[in-house]
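Visitor: Sharing a structure with you now.
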Amino acid sequence: MALAVNHFGRKYGTFTAVEDLSFNVASGEIVGLIGPNGAGKTTTLRALAGILKPTSGSVSIDGHDLQSAPLEAKRRLAFMPDEPTLFEYLTVVEHLRLIGRLYGIGDIDRRLRRVVDELELTGKEDALPGELSRGMRQKVVIACGLVRDATTLLFDEPLTGLDPIGIRRMRATIIGRARGGAAVLLSSHLLHLVEEVCSRVIIMDGGRKIADGTVDELASRADLARAGSNLEQIFMRVTGHEGAESAE
Amino acid sequence: MLSATLYISACSMRNRTRRWFRRLREPRYALGLVAALAYLYVTVFARLRVARSAGRRRGTVPGVLSALPGIVPLVAAASLLVAAAGSWLVPASGRLLDFSAAEVQFLFPAPVHRRQLIVHRLLRSQVGLLFAATIPALAFSLPVGSGILAVRTAVGVWILLLVARVYFSAMALARANLTSSDLRFRRLARLPLAVVLVAILTVANAVVREYWRQPFLRVDDATTRLTAILSTGPARVVLWPFMALVQPFFATDWAEWGLAISRGVLVFMTTTAWLMASDALFQSGAAEVVERRDAEPRQGKVSYVVRRSAWTLSPTGRPEVAFFWKTTMQIFRVVDRRIIARFSVVVVALTALVVASGSARGVAGAAGLFAGASALYTALLAPQILRLDLRQDLQHLDLLKTWPVRAAAIVRGEIGGPATALSVVAWALIGLALLFSTAAFPGQSVAWRVAIASASVFLAPALIFGQYTIHNTVALLFPAWIPLGSGRPRGLDAMGQRLLTLGGTWLALALMLLPGAAISAVMWFVLYPLVGPLVLVVAGAISAAAIGIEILVMTEALGPAYERLDLLSIERPD
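Protein sequences appear in the order of chains A and B.
For the working numbering, count along the first sequence from 1 and bump the result up by 1.
For the working numbering, count along the second sequence from 1 and bump the result up by 1025.
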């Protein structure tokens, strides 16, 4: 299994952000991680990326435990956060070169050219982050993740700030990477995107996993059968917002 | 609008106070507050008590600068005039129109006049101005007088700062409209420029005519004649507003001070009236204000420009080099004038101190002392200022943590860049000091001077790398004590916290130096009789090697601390 999460939990002081979360993502699979605000999605993704330390449970990437063998695990992982964090003094190409050096990518020149073309960053190679729009900076962060052959890709709201063409391309990129054998975990509030590209969906609420399966599997679940057949209806039902929606 | 301003001020003050008290529940801030209060007591209040008793004995309260000769206020007033005129060439914004993002979002679309917005900004800036006025007032008044004098000086400085802020803001508005296509705006903008030009030409004309009549031969002759021409005729008239602003510092009694302050208030009201009259200019330039605000880097944020470099990072090699390269790029691209200004001010002050207390002979001597003082400053204090290491990069911790790099390599890489840069600067300064050492230190023999310089070549980088290691160790072990980036948490407690951190760093550095110093002391006793001053070079090299080993051990030991480090423990600037 490319990504294995076992009984993962994370607390902030006395507040429990995520509790007893377990799931797997196989190679070639795209799994959507959805939930209302404060459900614990970003905490989960940041812990899977090695940024936050789990307070309980374990995470392994391609069989390498993130706690006991962090370097091996991180080498196989690419995390694309929703907030583009870049070094204000490095250009687009220099960010990619830095990643190339840190991850030991020999043919970085060829790869960076490819990813710059793929994400339509051509012409912006020598720009500093301060000269780029929010969407462009988001593309640079994604480029840093895609410039190497990571086996596990974590996307947190990958479409934020992108224009319609960028959204279309990004969708194709995510699907293309999964077809190439990567395990993809995608967190987004855009339920139609999740429904369209993900082969499986995990729904979180209040720090816990409350549903896990394909959209069809969820729709056929006894307790969700009345909800409807699309992901938005299922989401509303499973998170207890169905009544609120109909009241509106 | 006034009620809205008062509401915003009251709410922000209340929330800030609440947050401050909440912050004080944390031991680091409570400790910081105790340290800051102790520091303030020693540096201000204890001196205030001594000064008060001295003032009581004297029975009078003279002005802070009242003992200076009569030419000084005239020169000060003329300098203000030059600054006022010069600001048209090298513009200063006055910061009165630097609206915050929230102010732009909430107040600009509100149905209020632009002049009300200016009054709003003026009122909102008062707390900062009062604080800015108090510090120099205490610094200059306490050594020569009482607490009352400090209050008098603070009021004078406050009015001076108020006028400066309003003037520069009005000037910025006028300057932007000098070439406006609207004739009314153009006239409104050019009138003050004409007034300032006439004023400066009047003063210059008076001085030049006097000089042509008879050149100034001696200092006392020049002083007497300049005093006469600047305090009479047209020069006196044009200098009057500027004299009104400097007179409070030269007043010898309460009556004179009160008169001077009332004149200053009059100047402030006139300048404010000019700013209000520029309301039309502000109306036209409001959009520009917003655009400029968006384009300029936020206060406390550093801006960068791309500069080509010949160094392209190779795809393979040690990760430390990647960090070193990253920092090098940052240093070459940084446009933070504040760092350069702070660095220059401290170096110049140190040099002045050295020159004043030493026996510098001529330009070469002064240059030697300057280089020596700068090298000392670079080795001992610059690592505190040049924070291009983990103290800044902890802001990017969420990025660093995703990289497959050993913690020790990250720490060494983060330290390597700024420490190497400062070491190169220190070596250059040591070289200069050695070059001019004959004039600067004539009492020392060539052998001693060369030995000291050579030992410094080893010691300076060791001290710099050592300090960076300590700073970065503190950043990893006690991240909450380290404010990130260029921003700083404000308040007495934060100031005390910084004092404690600085004291702790120097204590740690002293401990770090101990092994090398002990070995060097032994070498001194053994080798000095045999090799003379050369022993300093050997001792310097051994001390540097000892510190180097300590750095390696410390960085290797920091791995678990880095792994444990959590984003929540990091201090975000206010």
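Quick reminder that beta carbons are idealized off the backbone N, C-alpha and C, glycines included.
1. Take the Cβ of Arg238/A as the centre, count every other Cβ of all protein chains shown within 10 Å, and call the residue buried at 16 or more, exposed below.
2. Rounded to the nearest angstrom, how far is the Cβ of Ala151/A from that of Ala183/A, given a contact under 8 Å?
3. On a CA-only basis, which of Arg209/A, Arg201/A, Asp206/A, Gly207/A is nearest Asp217/A? Give me that one, please.
4. Under the three-state reduction of DSSP, which class applies to Gly33/A: helix, strand or coil?
5. Contact check, Leu219/A vs Ile235/A under 8 Å by CB: the rounded distance?
6. Pick helix, strand or coil for Pro1322/B, following the three-state DSSP scheme.
7. Can you give the Cα-Cα distance for Arg135/A and Asp83/A, rounded to whole angstroms?
8. Count the C-beta pairs between the region 1515-1531 of chain B and the region 1463-1477 of chain B that are closer than 8 Å, then say yes if the count reaches three, no if not.
9. Taking all protein chains shown into account, do 16 or more other C-beta atoms lie within 10 angstroms of the C-beta of Asn1497/B, making it buried, or fewer, making it exposed?
10. Could you check what DSSP says for Met205/A in three-state terms: helix, strand or coil?
11. What is the rounded straight-line gap between the Cα of Val1221/B and the Cα of Ala1199/B?
12. Just curious, the beta strand (DSSP E) that Tyr13/A is in, first and last residue?
13. Could you tell me the boundaries of the alpha helix (DSSP H) in which Phe1293/B lies?
14. Can you tell me which of Asn25/A, Asp21/A, Thr15/A puts its alpha carbon nearest to the alpha carbon of Gly214/A?
15. Using the Cα positions of Pro1266/B and Ala1162/B, report the straight-line distance between them to the nearest angstrom.
16. Report all residues from its chain with a CB closer than 7 Å to the CB of Ala128/A; omit the five preceding and five following residues, and keep chain order.
17. Mind checking who Met81/A pairs with in its DSSP beta bridge?
18. Taking 8 Å as the cut-off, decide whether the C-beta atoms of Leu1424/B and Glu1439/B are in contact.
19. In terms of alpha-carbon separation, which member of Arg1041/B, Leu1447/B, Pro1443/B, Phe1348/B lies closest to Ile1435/B?
20. Please return the same chain residues whose Cβ sits closer than 6 Å to the Cβ of Pro85/A, not counting the five positions on each side in sequence.
21. So, at 6 Å on beta carbons, what are the nonlocal neighbours of Glu1581/B in its own chain, with the 5 sequence-adjacent residues on each side left out?
22. Pull out every residue of the region 1050-1068 of chain B whose Cβ sits closer than 8 Å to any Cβ of chain A, in chain order.
23. In this structure, how does DSSP classify Thr17/A when only helix, strand and coil are distinguished?
24. Could you work out which residues of chain A lie near His1421/B, taking near to mean beta carbons separated by less than 9 Å?
25. What separation, rounded to the nearest whole angstrom, lies between the Cα atoms of Leu99/A and Phe1357/B?
26. Are at least three pairs of beta-carbons, each pair with one atom in the region 1560-1580 of chain B and one in the region 28-41 of chain A, less than 8 Å apart?
27. Within the 8 Å Cβ cut-off, does Ile109/A reach chain B?
28. Would you list the one or two residues that DSSP bridges to Phe24/A?
29. To the nearest angstrom, report how far apart Leu1484/B and Ser1568/B are at their CA atoms.
30. Give every residue of the same chain whose Cβ lies closer than 6 Å to the Cβ of Arg1177/B, excluding the five residues on either side of it in the sequence, and list them in chain order.
31. Considering only the alpha carbon of each residue, which of Ala1396/B, Asp1591/B, Ala1519/B lies closest to Glu1051/B?
32. Residues of chain A with CB under 8 Å from Gly1342/B, in chain order?
33. Chain B partners of Thr92/A, CB-CB under 7 Å?
34. In angstroms, rounded to a whole number, what distance separates the CA positions of Leu53/A and Thr1068/B?
35. Taking the alpha-carbon positions, what's the Thr1159/B to Gly1516/B distance?
36. Taking Val185/A as part of the beta strand (DSSP E), name the residues at either end of that continuous run.
Guide: Let me lay it out:
1. Counting from one through the first sequence, the residue named residue 238/A turns up at place 237. Classification of Arg238/A: buried, given that the 10 Å Cβ count is 16 or more.
2. Here residue 151/A refers to the residue found at position 150 of the first sequence. Here residue 183/A refers to the residue found at position 182 of the first sequence. Their Cβ separation, rounded to whole angstroms, is 7 Å, which keeps Ala151/A and Ala183/A in contact under 8 Å.
3. Taking the first sequence and counting its residues from 1, one reaches residue 217/A at position 216. When only C-alpha atoms are compared, the closest one is Arg201/A.
4. Working through the first sequence from its first residue, we reach residue 33/A at position 32. Gly33/A falls in the strand class under three-state DSSP.
5. Locating residue 219/A in the first sequence gives position 218, counting from the first residue. Locating residue 235/A in the first sequence gives position 234, counting from the first residue. Yes, they are in contact, since the Cβ atoms of Leu219/A and Ile235/A sit about 5 Å apart, within 8 Å.
6. Taking the first residue of the second sequence as position 1, residue 1322/B is located at position 297. Any reading at Pro1322/B is ruled out, since the residue's pLDDT is 49, under 50, leaving its predicted position unreliable.
7. Position 134 of the first sequence holds residue 135/A. Position 82 of the first sequence holds residue 83/A. Rounded to the nearest angstrom, the two C-alpha atoms are 11 Å apart.
8. no
9. What you label residue 1497/B is simply residue 472 of the second sequence in a count that begins at 1. It counts as buried.
10. Position 204 of the first sequence, counted from the first residue, corresponds to residue 205/A. Of the three classes helix, strand and coil, the one that applies to Met205/A here is strand, per DSSP.
11. If you number the second sequence from 1, residue 1221/B lands on position 196. If you number the second sequence from 1, residue 1199/B lands on position 174. Roughly 13 Å between the two C-alpha positions.
12. On the first sequence, residue 13/A is found 12 positions in, with the first residue counted as 1. For Tyr13/A, the enclosing beta strand (DSSP E) begins and ends at 4-13.
13. To locate residue 1293/B, count along the second sequence from 1; it is residue 268. Here the alpha helix (DSSP H) through Phe1293/B covers 1279-1302.
14. For this step, residue 214/A is matched to residue 213 along the first sequence. The shortest C-alpha separation from Gly214/A is found at Asn25/A.
15. Counting from one through the second sequence, the residue named residue 1266/B turns up at place 241. Counting from one through the second sequence, the residue named residue 1162/B turns up at place 137. Taking the straight line joining both Cα atoms gives about 21 Å.
16. Here residue 128/A corresponds to residue number 127 of the first sequence, with the count starting at 1. Hits under 7 Å: Thr92, Val93.
17. Position 80 of the first sequence, counted from the first residue, corresponds to residue 81/A. Its beta-bridge partners are Phe156/A.
18. For the purposes of this step, residue 1424/B is taken as residue 399 along the second sequence, with counting starting at 1. For the purposes of this step, residue 1439/B is taken as residue 414 along the second sequence, with counting starting at 1. No, the pair does not count as a contact, with Cβ atoms beyond the cut-off.
19. For the purposes of this step, residue 1435/B is identified with residue 410 of the second sequence, where counting begins at 1. When Arg1041/B, Leu1447/B, Pro1443/B, Phe1348/B are compared, the shortest CA-CA separation from Ile1435/B is found for Phe1348/B.
20. On the first sequence, position 84 is the one that residue 85/A refers to. For Pro85/A, same chain residues with a beta-carbon under 6 Å away, outside a window of 5 residues either side, are Arg138, Gln139, Val142 in chain order.
21. Taking the first residue of the second sequence as 1, we reach residue 1581/B at position 556. So the list reads Ala1433, once near-sequence residues are dropped.
22. Cβ contacts with chain A: none found.
23. Here the question's residue 17/A lines up with position 16 in the first sequence. Thr17/A falls in the strand class under three-state DSSP.
24. If you number the second sequence from 1, residue 1421/B lands on position 396. Per Cβ cutoff of 9 Å: Thr86, Leu87, Phe88.
25. For this step, residue 99/A is matched to residue 98 along the first sequence. For this step, residue 1357/B is matched to residue 332 along the second sequence. If you take the alpha carbons of Leu99/A and Phe1357/B, they lie about 17 Å apart.
26. Fewer than three beta-carbon pairs drawn from the region 1560-1580 of chain B and the region 28-41 of chain A are found closer than 8 Å, and the two stretches are therefore not classed as touching.
27. Here residue 109/A refers to the residue found at position 108 of the first sequence. Chain B contact via Cβ: present.
28. Stepping through the first sequence from its first residue, residue 24/A is reached at position 23. BP columns for Phe24/A point to Val6/A.
29. Position 459 of the second sequence holds residue 1484/B. Position 543 of the second sequence holds residue 1568/B. Those two C-alpha atoms are separated by around 7 Å.
30. Counted from its first residue, the second sequence places residue 1177/B at position 152. These residues qualify, in order along the chain: Trp1282.
31. Here residue 1051/B is taken as the residue at index 26 of the second sequence, counted from 1. Out of Ala1396/B, Asp1591/B, Ala1519/B, Ala1519/B has the C-alpha closest to the C-alpha of Glu1051/B.
32. For the purposes of this step, residue 1342/B is taken as residue 317 along the second sequence, with counting starting at 1. What Gly1342/B touches in chain A: Arg102.
33. Here residue 92/A is taken as the residue at index 91 of the first sequence, counted from 1. Chain B residues near Thr92/A: Val1331.
34. Numbered from its first residue, the first sequence carries residue 53/A at position 52. Numbered from its first residue, the second sequence carries residue 1068/B at position 43. Inter-residue distance for Leu53/A and Thr1068/B is about 44 Å (C-alpha atoms, whole angstroms).
35. Position 134 of the second sequence holds residue 1159/B. Position 491 of the second sequence holds residue 1516/B. Taking the straight line joining both Cα atoms gives about 15 Å.
36. In the first sequence, counting from the first residue as 1, residue 185/A sits at position 184. Where Val185/A is concerned, the enclosing beta strand (DSSP E) stretches over 184-188.
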